[in-house]
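>
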Amino acid sequence: MSAVSVIGLGAMGAALARVLMQNGSRVTVWNRTERKAAPLVAAGATLAPTAAAALAASPTTLVCVHTHADTRAILQAAPAALAGKTVIELSTGGVREAEALARWLEAQGAQCLIGMIGTFPTGIGKADTAIVTAGSKAVWRAHAPMLRALAGRSSYLGADVGALAALFAALFLPRQGFMFGMIYGALICERACVPIDTYVEQLPVTLKLVDAYFDVFKKSVPAGDFANPPVSMATLLACYDDVLETFAHGGVNSEMPELLHRLMRKGVEAGLGGEQVTALTKVLRG
Ligand SMILES: NC(=O)c1ccc[n+]([C@@H]2O[C@H](COP(=O)([O-])OP(=O)(O)OC[C@H]3O[C@@H](n4cnc5c(N)ncnc54)[C@H](OP(=O)(O)O)[C@@H]3O)[C@@H](O)[C@H]2O)c1
Numbered sequence: 005m006s007a008v009s010v011i012g013l014g015a016m017g018a019a020l021a022r023v024l025m026q027n028g029s030r031v032t033v034w035n036r037t038e039r040k041a042a043p044l045v046a047a048g049a050t051l052a053p054t055a056a057a058a059l060a061a062s063p064t065t066l067v068c069v070h071t072h073a074d075t076r077a078i079l080q081a082a083p084a085a086l087a088g089k090t091v092i093e094l095s096t097g098g099v100r101e102a103e104a105l106a107r108w109l110e111a112q113g114a115q116c117l118i119g120m121i122g123t124f125p126t127g128i129g130k131a132d133t134a135i136v137t138a139g140s141k142a143v144w145r146a147h148a149p150m151l152r153a154l155a156g157r158s159s160y161l162g163a164d165v166g167a168l169a170a171l172f173a174a175l176f177l178p179r180q181g182f183m184f185g186m187i188y189g190a191l192i193c194e195r196a197c198v199p200i201d202t203y204v205e206q207l208p209v210t211l212k213l214v215d216a217y218f219d220v221f222k223k224s225v226p227a228g229d230f231a232n233p234p235v236s237m238a239t240l241l242a243c244y245d246d247v248l249e250t251f252a253h254g255g256v257n258s259e260m261p262e263l264l265h266r267l268m269r270k271g272v273e274a275g276l277g278g279e280q281v282t283a284l285t286k287v288l289r290g
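Counting in this note's numbering, the sequence shown runs from 5 upward without gaps.
#1: Please list, following the chain, all residues that have a C-beta closer than 6 Å to any non-hydrogen atom of ligand 1.
#2: Around the Cβ of A173, are there at least 16 other Cβ atoms within 10 angstroms (buried) or fewer (exposed)?
#3: Confirm, please, whether the CB-CB distance from Y160 to K130 is below 9 Å.
#4: Cα-Cα, which of G278, T32, A58 and V256 is closest to I187?
#5: If we ignore side chains and look at the alpha-carbon of each, how far apart do S95 and T137 end up?
#6: Secondary structure at Q115, three-state DSSP: helix, strand or coil?
#7: Beta-carbon within less than 8 Å of A41's beta-carbon, same chain only, minus the 5 sequence neighbours each way: which residues are those?
#8: Could you compute how far the alpha carbon of V287 sits from the alpha carbon of V272?
#9: According to DSSP, simplified to helix, strand and coil, what is K130?
#10: Verify whether the separation of the beta carbon atoms of L105 and V165 is less than 9 Å.
#11: Helix, strand or coil: how does DSSP classify V136 here?
#12: Can you look up E273 in the DSSP assignment and give me helix, strand or coil?
#13: Between T90 and A61, what straight-line distance do the alpha-carbon atoms span, to the nearest angstrom?
#14: Report yes if the C-beta distance between L24 and L59 is below 9 Å; otherwise report no.
#15: With a threshold of 16 other CB atoms inside 10 Å of the CB of T210, please say whether the residue is buried or exposed.
#16: Alpha carbon to alpha carbon, how far is G265 from G278?
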């Protein structure tokens, strides 16, 4: 039976610990707020009294708190416990934090892999979810079966942990753009007395177009070919003019549509009005 420790038992850390136990690992847990460990201890986990004790209990420790800076703060209190250990950091962070954490762990004599969890806690243990990792290839090789038991499509990006942070940002943004679009949609519907149920009903219909966006993106950006758009940037800019007029008329916060309008106008002003909207990559890259 392999021994694994889990530091951080929020929604995600608790899900990781539970699935590790279900897969037969001997799991030691530690959380700043101890009471959150109780359901896992009841299910068979061992409670470590300190983060250092959790590190000492297993050759490998998964850390899942908020940020890399939080992880560093926790581990800095127990540097002596790190030598010879493996840390798999599954908290979220920016490029500089990820690089600093990886360097610092190495300096303490620990091996480090950083992972980006691409699912909700309910997706942990499922075959079609993924944790994309970067850092030590040796750690990835040794822990790939465990990581694939946690998320079936887990993979290794490479040694550069900064690249993983960039990939996180690149995948986070489309999801958030989608959510913010719906929030602004709800605001304008509310102001115009369009029932929210009607809006919610129409959303999946209109969002079928996103598949087509993805196709356009895939065909145009890698090849750098932005010709023959199904809808040109100039046409889209005219739509944004209408949207802004509607928001102004409703007196609704329009920060997001204004930002998108500004970006689209940049493309048209750069002479790309007849091209795919994805041609904006040329303008924004500077
Ligand atoms: N939930 C998701 O759907 C999801 C999906 C993908 C990735 N993630 C990532 O997974 C990580 C954890 O998310 P979560 O949803 O589990 O968050 P959460 O439920 O809010 O739990 C946060 C955990 O971090 C601990 N923590 C935070 N700051 C700490 C500090 N300075 N020192 C010690 N412990 C600290 C908390 O301890 P206390 O209990 O003492 O507060 C708690 O155990 C985040 O990086 C998040 O971006 C989450």
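Built from N, CA and C at the ideal position, the CB exists for glycine as well.
Let's see:
#1: Residues with their Cβ less than 6 Å from any non-hydrogen atom of ligand 1, running along the chain, are G12, L13, G14, A15, M16, G17, N35, R36, T37, K40, C68, V69, H70, D74, A77, I78, S95, T96, I121, F124 and P125.
#2: With fewer than 16 other Cβ atoms inside 10 Å of its own Cβ, A173 counts as exposed.
#3: Cβ atoms of K130 and Y160: not closer than 9 Å.
#4: Of the candidates G278, T32, A58 and V256, the one whose C-alpha sits nearest the C-alpha of I187 is V256.
#5: Rounded to the nearest angstrom, the two C-alpha atoms are 12 Å apart.
#6: Note: Q115 maps to strand in three-state DSSP.
#7: L13, V33, W34, N35, A49 and L51.
#8: Taking the straight line joining both Cα atoms gives about 10 Å.
#9: Of the three classes helix, strand and coil, the one that applies to K130 here is strand, per DSSP.
#10: L105 places its beta carbon less than 9 Å from that of V165.
#11: Assignment of V136 by DSSP, reduced to helix, strand and coil, places it in the strand class.
#12: In this structure, E273 counts as helix in the three-state DSSP scheme.
#13: Those two C-alpha atoms are separated by around 12 Å.
#14: No, the Cβ-Cβ distance between L24 and L59 is not below 9 Å.
#15: Sixteen is the threshold: since fewer than 16 other Cβ atoms of the shown chains lie within 10 Å of the Cβ of T210, the residue is exposed.
#16: The amino acid occupying residue 265 in the given sequence is His; Gly does not appear at that position. Computed Cα separation, rounded: 16 Å.
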